[in-house]
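*Asks:* Quick one: the structure is below, and I'll ask about it shortly.
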Amino acid sequence: MKVAKDLVAASATPMVLGILAEADSYGYAILRRINELSGGELDWTEGLLYPLLHRLERLGYVESSWQAVAGERRRKYYRVTESGLAELAEQRRQWETVVGALKEIWRGDAQPFAVVPV
Amino acid sequence: MSGGSGPGASGPDGSGPGGGGGDLEAQFAQWRSYVQRRRVLSAGDVEELEDHLRGSVDELVGAGLREDEAFLVAVKRMGSLDELSREFAREHSERLWKQLVLTGDGDAPAGSGKRRELLVLVACAAGAALSVKAPELFGMDYGQDGEFYAPNASLFAFPWLAGFLAWRRHAGKTMIGVLVALFALGAVAANVFPLAEDSQSIVLTSIHLPIALWFAVGLAYVSDDVRSPRRRMDFVRFTGEWFVYYVLIGLGGGVLIAFVVGTFTAIGTSPETFVAHWLAPCGAAAAVVVAGWLVEAKQSVVENIAPVLTRLFTPLFTAVLLGFLVTLVVTTSGIDVEREALILFDLLLVVVLALLLYTISARDPLAPAGVFDKLQLALVVSALLIDAVVLWEITGRITEYGTTPNKAAALGENVILLANLAWSAWLVLGLVRRKVPFAALERWQTNYLPVYAVWAWLVVLLFPPVFGFM
Numbered sequence: 000m001k002v003a004k005d006l007v008a009a010s011a012t013p014m015v016l017g018i019l020a021e022a023d024s025y026g027y028a029i030l031r032r033i034n035e036l037s038g039g040e041l042d043w044t045e046g047l048l049y050p051l052l053h054r055l056e057r058l059g060y061v062e063s064s065w066q067a068v069a070g071e072r073r074r075k076y077y078r079v080t081e082s083g084l085a086e087l088a089e090q091r092r093q094w095e096t097v098v099g100a101l102k103e104i105w106r107g108d109a110q111p112f113a114v115v116p117v
Numbered sequence: 000m001s002g003g004s005g006p007g008a009s010g011p012d013g014s015g016p017g018g019g020g021g022d023l024e025a026q027f028a029q030w031r032s033y034v035q036r037r038r039v040l041s042a043g044d045v046e047e048l049e050d051h052l053r054g055s056v057d058e059l060v061g062a063g064l065r066e067d068e069a070f071l072v073a074v075k076r077m078g079s080l081d082e083l084s085r086e087f088a089r090e091h092s093e094r095l096w097k098q099l100v101l102t103g104d105g106d107a108p109a110g111s112g113k114r115r116e117l118l119v120l121v122a123c124a125a126g127a128a129l130s131v132k133a134p135e136l137f138g139m140d141y142g143q144d145g146e147f148y149a150p151n152a153s154l155f156a157f158p159w160l161a162g163f164l165a166w167r168r169h170a171g172k173t174m175i176g177v178l179v180a181l182f183a184l185g186a187v188a189a190n191v192f193p194l195a196e197d198s199q200s201i202v203l204t205s206i207h208l209p210i211a212l213w214f215a216v217g218l219a220y221v222s223d224d225v226r227s228p229r230r231r232m233d234f235v236r237f238t239g240e241w242f243v244y245y246v247l248i249g250l251g252g253g254v255l256i257a258f259v260v261g262t263f264t265a266i267g268t269s270p271e272t273f274v275a276h277w278l279a280p281c282g283a284a285a286a287v288v289v290a291g292w293l294v295e296a297k298q299s300v301v302e303n304i305a306p307v308l309t310r311l312f313t314p315l316f317t318a319v320l321l322g323f324l325v326t327l328v329v330t331t332s333g334i335d336v337e338r339e340a341l342i343l344f345d346l347l348l349v350v351v352l353a354l355l356l357y358t359i360s361a362r363d364p365l366a367p368a369g370v371f372d373k374l375q376l377a378l379v380v381s382a383l384l385i386d387a388v389v390l391w392e393i394t395g396r397i398t399e400y401g402t403t404p405n406k407a408a409a410l411g412e413n414v415i416l417l418a419n420l421a422w423s424a425w426l427v428l429g430l431v432r433r434k435v436p437f438a439a440l441e442r443w444q445t446n447y448l449p450v451y452a453v454w455a456w457l458v459v460l461l462f463p464p465v466f467g468f469m
C-alpha cells in the first residue's frame, strides 16, 4: 500500500511537530521515526522533509540550532516552540474531527472494510 | 527518538569496515562540491543534507553493505538533486534574488565570497562604462568620430566581461596572456588600417570584430576547461541568456531615460547631452558586464528562458522559411543580391543556427527523438535550401561583376553556414530515425564553434589589406 501524496502532504506538519514534541531531533532521525511509526508505509523524501522543516522554522513553530553531541557529528537539531505546540494542538483537533467522522462512516457499513484503517 | 536500529558502533567518519575510509571521504567531498554549486542551497542546508547522507550511509554499512555501495545507495535514496533544489527553491524563493545580490545570509561563510564577487562586478562594470569615455581624453567625440567608435565598440565592454569571467574561473596565467593578446589584436585590427568612414571594410570590421571578440569572451568563459564540449555548450547557453538579459536591461534603461528626460525637461533643464553622452553609452557598456554576471549568478536556480524562446520561435521560423521557399518557387523570381538583402539572408541563417544551437543546448541528451526534432529537421533543411539559393546567386554575381569585401564576406559566411547546416541536417535526420545519438549533434556543433571565430578574425584582420582598404 502506498499512501497518497496529498495525504502525506496534509499530515506532514502535525507529524513532524508531534515527533518534535516528544523530543528534540534532527532530520535523519525524524525521517527514520516516521518510517518506524508507520511500519514503513510512509516513505518521505528529503525533498519533502527539509523544506518543510525550514518552513516550520520560518513560521516560528520550530527553532533550530547546530549542536555537537560528544562522539557525534555536528548536527542541526530542531526544537518545537510554544506556538508550534499550539499549532500542533490545533491541527490535532482538526485531525480528530476528520478521523472521528471517517470512523463513524466506516462503522455504518463495515462490510467492505473489514479492518478500520486507523 | 529511535537510533536503536542504526549503526551505533560506527563513528562519525571512516570507521566502517574495509578500510576505504579515505575513499568515502573523497566521495563526500565530491558530493559536497557538486551540491554547493546549487545556489538555492545555503552552506547550512548543504551541511544538514550531508549529515543526513552520512546517517544513511552509516545505517547501510551497519546493514552489511560496503562503503562505496552504501554511498551509492544513500545518494540514490536522497533522490534527484534537481527535485530537492526545486523544493528548497519553492520554500526559499526569497533567497533566490537576495542571495544573488546583496546580503550573504548570516550563517554562510560563502557570504564574503559573494560580496567580493559583487565588488569585482561593480569594478568591471565601471571599467566598461569609463572605457567608453576614455577616448574623449584624446579628443575623440562620440557624436562625430563614427569611424573610430563603430569598429571599436566591442573593445570597450567585452574585455571587462572577459576579465570578470576569467576572474570567476580562476583562469591561469597562460589563459590570461592569450586573452590579453586577443583583445590587443582586436584593438590593432580596429585601428591600424586606414579605412574611410564609408568603406565597406569598416562596416565589415564593425560587424565581425564583436563576433571575434565574443569568442574571446567565450574562451574566458570556458577557461577552467577549454576542451570540454559541455563547457562550450554552456557558453552557447550563456550567450543566449546574456542576450535576453541584455535586451531586458536595455528596455529598463529606455524607461529610465524616458523618465530622466521627462522629469528634467519639466523643470526647465535639458538633460539631452547627459543622456546621449553619458547615460546611454556608459549604461550600454556596463550592461554588457552586468548581464553576464546575472546569467552567472542565477545559474541553475530559475528555469532558463532561452530554451523556452526557442520552443516558441522554432515553429514560427520554420513556417516563415517554408513559406518563403514556396513563394520563391511559385513566383520563379531570383533573389535580389543587394547588400541589404545579402546581410538579411545571412542574418536569417544565423538566427536559424542560433535557434538550433539553443535547442541543442537545452535538450535532454537522453530523451528519445520526438515531434520537436522533426520540426527542427524541417527548419534546418529549409534553411539549407535557402542558403543554397543565396550561394548560387552570390557566386553568379561574383563571376559576373567581380568581388567586393561585402560579397566575399557573405560568400564565406554562406559556405560556413552551408557546411554546418548540411551536416546538422544529416545528424538531425539520423536522430529522428533514431540511428544517431544526440551527443553526435552536440559534439558537431561545439567542435564547429571555433570555425566561426576563425572566420570572424580573418574578416577583421585580412579583408582590409586584401581588398585594398576598400
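Protein sequence lines, in the order shown, are assigned to chains F and H.
Residue 117 is where the first sequence ends in numbering that gives the first Met the number 0, and the numbering goes up by one at each step.
Residue 469 is where the second sequence ends in numbering that gives the first Met the number 0, and the numbering goes up by one at each step.
Positions of the beta carbon are idealized from the N, C-alpha and C atoms, including for glycine.
#1: Excluding the 5 residues preceding and the 5 following Leu460(H) in the sequence, name in chain order all residues of the same chain whose CB lies nearer than 7 Å to its CB.
#2: For the beta strand (DSSP E) containing Asp200(H), list its first residue and its last residue.
#3: Roughly how many angstroms separate the alpha carbons of Ala149(H) and Pro463(H), rounded to a whole number?
#4: Label Phe258(H) either buried or exposed according to how many other C-beta atoms from any shown protein chain fall within 10 Å of its C-beta, with 16 as the threshold for buried.
#5: Can you give me the Cβ contacts of Leu354(H) inside the same chain, cut-off strictly under 8 Å, excluding the 5 residues immediately before and after it?
#6: From Asp57(H) to Leu36(F), what does the alpha carbon distance come to, in whole angstroms?
#7: Considering Cα atoms alone, identify which of Ala361(H), Val225(H), Val319(H) and Pro193(H) is closest to Gly239(H).
#8: Is it right to say Asp386(H) is buried, meaning 16 or more other beta carbons lie within 10 angstroms of its own, or is it exposed?
#9: Kindly indicate which three-state DSSP category Lys75(F) falls into: helix, strand or coil?
#10: Would the beta-carbon of Leu417(H) fall within 9 Å of that of Leu390(H)?
#11: Please confirm if Gly43(H) has its CB atom under 9 Å from at least one CB of chain F.
#12: Excluding the 5 residues preceding and the 5 following Ala124(H) in the sequence, name in chain order all residues of the same chain whose CB lies nearer than 6 Å to its CB.
#13: Cα separation between Leu184(H) and Ala28(H)?
#14: The beta strand (DSSP E) that contains Trp65(F), what's its start and end?
#15: Taking Lys75(F) as the query, report the chain H residues whose CB atoms sit under 8 Å from its CB, ordered along the chain.
#16: Which same chain residues, not among the five before or five after Leu212(H), have their C-beta less than 6 Å away from its C-beta?
#17: What's the call for Gly15(H), buried or exposed, on a 16-neighbour Cβ count within 10 Å?
#18: Three-state secondary structure (DSSP) at Ser227(H)?
#19: Check the Cβ-Cβ distances between Pro50(F) and every residue of chain H, and say whether any is below 9 Å.
#20: Taking the alpha-carbon positions, what's the Leu327(H) to Val453(H) distance?
#21: Helix, strand or coil for Tyr25(F)? Go by DSSP, reduced to three states.
#22: Check each residue of the stretch 57 to 83 of chain F: if its Cβ is closer than 7 Å to any Cβ of chain H, include it; give the result in chain order.
#23: Distance cutoff 9 Å, beta carbons only. Does Arg37(H) sit that close to anything in chain F?
#24: Going by DSSP in three states, Thr317(H) sits in which element: helix, strand or coil?
#25: Taking the alpha carbon of Leu341(H) as the reference point, which residue from Ala122(H), Thr403(H) and Gly63(H) has its own alpha carbon closest?
#26: Quick one: does Arg85(H) have its CB under 9 Å from some CB of chain F?
#27: For Trp443(H), which three-state DSSP category applies?
#28: Against chain H, does Gly38(F) count as a neighbour if the rule is that its beta carbon must be under 9 Å from one of theirs?
#29: In chain F, what lies closer than 8 Å to Ser55(H) by C-beta?
#30: Show which residues of chain H have a CB atom less than 7 Å away from the CB atom of Gly46(F).
#31: Output, in chain order, the set of chain F residues within a Cβ distance shorter than 8 Å of Glu66(H).
#32: So that I know if they touch, is there some Cβ in chain H lying closer than 9 Å to that of Leu87(F)?
#33: Measure from the alpha carbon of His51(H) to the alpha carbon of each residue in Arg36(H), Arg65(H), Arg37(H) and Met77(H), then state which is nearest.
#34: Going along chain F in order, which residues have a C-beta closer than 9 Å to the C-beta of Glu295(H)?
#35: Among Val2(F), Tyr25(F) and Glu81(F), whose alpha-carbon lies nearest the alpha-carbon of Gly39(F)?
#36: What does the Cβ neighbour count give for Thr398(H), buried or exposed, with the cut at 16 atoms within 10 Å?
*Replies:* With the given structure in hand:
#1: Ala188
#2: Before going further, note that residue 200(H) is Ser rather than Asp in the sequence given. Where Ser200(H) is concerned, there is no enclosing beta strand (DSSP E), although the alpha helix (DSSP H) it sits in stretches over Gln199 to Tyr220.
#3: 16 Å
#4: exposed
#5: Thr309, Phe312, Thr313, Phe316 and Leu378
#6: 21 Å
#7: Ala361(H)
#8: buried
#9: strand
#10: yes
#11: yes
#12: Ala285, Val288 and Val289
#13: 42 Å
#14: Val61 to Ala67
#15: Gly43, Glu46, Glu47 and Asp50
#16: Ser153, Phe157 and Gly185
#17: Confidence at Gly15(H) is low in this model, with a pLDDT of 39, below 50, so its placement is unreliable and the value that follows should be read with caution. It is buried - the Cβ of Gly15(H) has at least 16 other Cβ atoms within 10 Å.
#18: coil
#19: yes
#20: 33 Å
#21: strand
#22: Glu71, Arg72, Arg74 and Lys75
#23: no
#24: helix
#25: Thr403(H)
#26: yes
#27: helix
#28: no
#29: Tyr27
#30: Gly78, Glu82, Leu83 and Glu86
#31: Correct list: empty, because the minimum Cβ distance to chain F is about 16 Å.
#32: no
#33: Met77(H)
#34: Result: empty, since nearest Cβ-Cβ is about 25 Å, beyond 9 Å.
#35: Val2(F)
#36: exposed
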